[in-house]
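To start, the structure itself, in structure tokens.
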Amino acid sequence: MERSSGGRRPLNRAAAGILIAILAVTVLAADQLTKALALAQLEPADPVQVLGEALVFVLVFNPGGAFSLGAGFTWFFTIALASVAIVIVYLMLTRVRSRLWAVALGLLLGGVLGNLTDRLFRDPGFPVGHVVDFIHTPWMMDAVYNVADIFIVGDMIGIALLVLLGVHMDGTRERRRAGATDAGSSAEGDVPRGSSPA
32 MERSSGGRRP
42 LNRAAAGILI
52 AILAVTVLAA
62 DQLTKALALA
72 QLEPADPVQV
82 LGEALVFVLV
92 FNPGGAFSLG
102 AGFTWFFTIA
112 LASVAIVIVY
122 LMLTRVRSRL
132 WAVALGLLLG
142 GVLGNLTDRL
152 FRDPGFPVGH
162 VVDFIHTPWM
172 MDAVYNVADI
182 FIVGDMIGIA
192 LLVLLGVHMD
202 GTRERRRAGA
212 TDAGSSAEGD
222 VPRGSSPA
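Numbering of the sequence shown is given in my numbering, commencing with residue 32 and proceeding in unit increments.
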């Protein structure tokens, strides 16, 4: 059952939407700006060591998904990115009132829009444009990625943590009683939800 707590009130729908939009635009701008700089300063497939071999800039044009998988199905990734963006906007307009969810979805939306912009407007043309990648960290993974990818991967991890921690989009949070294993709790199977905003 819902219980009130002394925490902050959940965001109203308009405030949640504004927060998501601001974060999305910020990430989109950062992604497109860094891609523009990479295109202006780097030559394709010509690595530039920034921090030795720990951080290397190398310009590549990715027709596929992560790790360049599915290079022959660029249109599929365009549809997938557009679908994710539509779902996030729907949630923004209808469900999100949690600050943590608003931040996570705003940053994720910005990353999705960054790569979707490439798919729609870069060569070889709409809707099969190649994504501009230029960040390579050999010590971490054998892949080249971009700022949008960082936010997409990071926020997918963040969203998984919110789900595991029982943080709901409406600003409530699940809490398990310390004695949830006693006979009464096990018989009823109740998992109380507190209304502390996240």
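Yeah, the Cβ is synthetic: ideal placement off N, Cα and C, and Gly gets one too.
Keep in mind that this is a model prediction, so the values were computed, not measured.
Where the beta strand (DSSP E) through residue i begins and ends
i	result
Phe88	Leu86 to Asn93
Val163	Val162 to His167
Straight-line gap, residue i to residue j (C-alpha atoms, nearest Å)
i	j	result
Ala55	Thr125	17 Å
Leu112	Val175	19 Å
Leu138	Asp77	30 Å
Gly95	Val120	25 Å
Val118	Arg40	25 Å
Gln72	Phe157	25 Å
Leu140	Glu74	29 Å
Asn43	Ala85	43 Å
Asp154	Val163	10 Å
Ala133	Ile49	9 Å
His161	Ala46	35 Å
Leu70	Val79	13 Å
Gly185	Gly103	26 Å
Ala116	Trp170	31 Å
Phe182	Phe165	15 Å
Leu196	Gly202	13 Å
Val87	Val198	37 Å
Per DSSP, cross-strand counterpart(s) of residue i
i	result
Asp201	In DSSP, Asp201 forms no bridge with anything.
Leu82	Leu86
Val58	DSSP output for Val58 lists no bridge partner at all.
Pro41	Partner(s): none; Pro41 has no beta bridge.
Pro75	Leu90
Val159	Per DSSP, none; premise fails for Val159.
Inter-residue CB distance, residue i and residue j (contact presumed, cutoff 8 Å)
i	j	result
Val89	His167	5 Å
Leu136	Val127	6 Å
Met200	Ser129	6 Å
Met123	Ile51	5 Å
Span of the alpha helix (DSSP H), counted from its first residue to its last, around residue i
i	result
Asn146	Arg130 to Phe152
Gly185	Val178 to Leu195
Val120	Thr105 to Thr125
Check: residue i C-beta below 8 Å from any heavy atom of the ligand ATP
i	result
Arg128	What this structure holds is no ligand at all, so the ligand ATP is not there to describe.
Counting Cβ pairs closer than 8 Å, one from the region 140–155 and one from the region 61–74, do we hit at least three? yes
Taking three-plus beta-carbon pairs below 8 Å as touching, is the region 100–109 in contact with the region 177–190? no
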